[in-house]
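In the UniProt record's numbering, the protein residues as written are 1 to 165.
Spelled out as structure tokens, the structure:
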């Protein structure tokens, strides 16, 4: 059996008028695509702290209320260090309320993997331009908040060399 690189993150679904808040991703397997705001907990950080920090860093929005939808995973081929496969486990959260304005450009620092954020219309979301997390979020919005926790396996995944944004 293949050895998988394991990634874990906490993500937020933020909606406005049939649009989804997405980030312009600059690192990892979703590089040069739109991705959901969120990321990996820092040492000792609680999941809600991770959610609030990551959304603030990547979008400039401040999360006020949210609820967890569920956990799912995505598996796909990805050449990274000594691994050839990635397993990305994701905690999805519905952002019930937030304050602030989405930022097209955000502060850059070591570990930052977003250039900024934007509102992406749901009808423009596809795996061609977005991470599987964004596609899952769009499906959840279309299904009136019903989250499907079924894990997804991809036999092919391309890390884009040119940004879609």
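Cβ atoms here follow ideal geometry from the backbone N, Cα and C, with glycine treated the same way. Only a predicted model underlies this, so the values are computations on that prediction, with no experimental measurement involved.
Here residue 134 is buried. Its C-beta has 16 or more other C-beta atoms within 10 Å. Secondary structure note for residue 132: its alpha helix (DSSP H) is the uninterrupted segment 132 to 142. Classified as exposed, residue 159 has fewer than 16 neighbouring CB atoms from the shown chains inside 10 Å of its CB. The residue among 105, 3, 162, 165 with its C-alpha nearest the C-alpha of residue 75 is 3. Counted as a single uninterrupted DSSP element, the beta strand (DSSP E) harbouring residue 69 occupies residues 62 to 80. Across the structure, residue 140 and residue 50 are spaced so that their CA atoms are roughly 21 Å apart.
The three-state reading of DSSP puts residue 58 in helix, counting H, G and I together.
Here the region 105 to 124 makes no contact with the region 73 to 87; the two share fewer than three CB pairs at distances below 8 Å. A distance below 7 Å between beta-carbons, with the five flanking residues on each side excluded, links residue 102 to the following residues of its chain, in chain order: 21, 59, 60, 61, 117, 118, 119. Burial state of residue 97 is exposed, judged by a 10 Å Cβ sphere holding fewer than 16 other Cβ atoms. Look at residue 100 here: in three-state DSSP terms it is coil, with no helix or strand label.
Annotation for residue 69: 13, 92, 93, 94, 140, 145, 147 place their beta carbon closer than 8 Å to its own, counting only its chain and skipping 5 residues before and after. For residue 121, the three-state secondary structure derived from DSSP is strand. Excluding sequence positions up to five before and after residue 63, its CB lies within less than 7 Å of the CB of 12, 51, 52, 55, 95, 98, all in the same chain and listed in chain order.
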